[in-house]
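The next block holds one structure in the form of structure tokens; read it before the comments.
In our numbering, the protein residues as written are 478 to 525.
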């Protein structure tokens, strides 16, 4: 598996951390879910 460095503004990281706590999953998994949701939305927007 390749390592992926992902840099976030501190405020955004804090929001992701709170969401992960609410849904009781790890911060890493929450970030992956949000990236996947954004990617799907981008594909839908571009009609691919």
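The beta-carbon is built from N, C-alpha and C at its ideal position, and this holds for glycine as well.
This structure is a prediction, so every number in the text was calculated from the model and none was measured.
Alpha-carbon spacing of residue 492 relative to residue 523, whole angstroms: 28 Å
Residue 492, enclosing alpha helix (DSSP H) - first and last residue: 487–500
Assumed close pair residue 508, residue 500 - CB separation to whole angstroms, cut-off 8 Å: The Cβ separation is near 12 Å, so there is no contact.
Proximity to residue 482 [Cα-Cα], best of 494, 497, 520 and 505: 505
Length of the line joining the Cα atoms of residue 495 and residue 513: 19 Å
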